[in-house]
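Below is one structure, written out as structure tokens, with a few remarks after it.
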Amino acid sequence: MKIYIVGTVGSGKSTLARKLSEKNSMRVFHLDNIVHEGERNRTDKEVFESIECIFKNECFIIEDTLRERFIPLLDKVDKIIYLDLPKNLLKYRIIKRYVKQKLRLEKSTYRPSLQMLKQMFIWQKIDRSELINAQKNKIVLHNKREIRQFIKNFQK
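Numbering (the numbering used here), first residue to last: 53 to 208.
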């Protein structure tokens with residue numbers, strides 16, 4: 053099964069991907085790590101070569117905020133999981149993550165800065181629901197209870 057987890061910054065994409073992976077021995081690919089190599093942005097060629105390699109696998113989980121250039125990937129997966137959580141919860145999680153990263157209590161692939169924090173709040177405002185709702189193979193999860201239930205019932 054090929055799964056694409058979509059959600060804004062702080063929605064719990066990585067956590068959900070990890071839990072599904074642990075439960076079902078599925079490989080997880082964070083598109084942030086495909087797009088960026090440390091502080092360097094990979095070229096489009098490098099990114100799409102990596103994505104082609106991912107899609108050669110029968111079973112995997114991709115997680116991303118759904119950048120424009122990855123929208124075509126939605127048609128190539130078996131299941132789209134959209135994490136559509138309350139805005140106040142997302143704002144809280146963004147601030148909590150920033151503080152933890154500044155205190156070096158949480159690892160980060162980027163350098164936490166006020167500019168990055170501001171950018172996360174901008175990204176958090178991007179609404180992908182209309183795009184996701186047009187997809188047939190989607191599951192929309194709205195809160196922690198729905199996410200826990202989904203994890204409990206999920207089998208690849």
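Idealized CB from N, CA, C, for every residue including glycine. Values in this document were obtained by computation on a predicted structure and should not be read as measured data.
- The beta carbon of L118 sits closer than 6 Å to the beta carbons of V58, R180 from its chain, once the five residues preceding and following it are set aside; these are given in chain order.
- One Cα belongs to L155, the other to K143, and the distance between them is close to 19 Å.
- The beta carbon of H194 sits closer than 6 Å to those of D136, all from its chain and outside the five residues before and after it, given in chain order.
- Counting only runs that start and end inside the stretch 131–182, the beta strand (DSSP E) elements of at least 3 residues fall at 131–135.
- Cβ-Cβ distances below 6 Å link Y56 to I114, V129, I132 in the same chain, with the five nearest sequence neighbours on each side left out; the list follows chain order.
- A69 is a Cβ neighbour of V80, given a cutoff of 8 Å.
- Taking the Cα of M78 as reference, the smallest distance to any Cα among D84, L126, E110 is reached at E110.
- If you draw a straight line from the Cα of E182 to the Cα of V192, it is about 12 Å long.
- Within the same chain, L83, D116 come within 7 Å of F122 by CB-CB distance, once the 5 residues on both sides are set aside.
- When only Cα atoms are considered, Q187 and L126 end up about 8 Å apart.
- Taking Q201 as reference, the option from L72, K190, N93, G62 with the minimal CA-CA separation is L72.
- A distance below 8 Å separates the beta carbons of G62 and Q176.
- A check of alpha carbon separations from I199 across Y134, F173, N189, K148 identifies Y134 as the nearest.
- Separation of N205 and N76 (C-alpha to C-alpha, rounded to the nearest whole angstrom) is 11 Å.
- With 16 or more other Cβ atoms from the protein chains shown falling within 10 Å of its own Cβ, I184 counts as buried.
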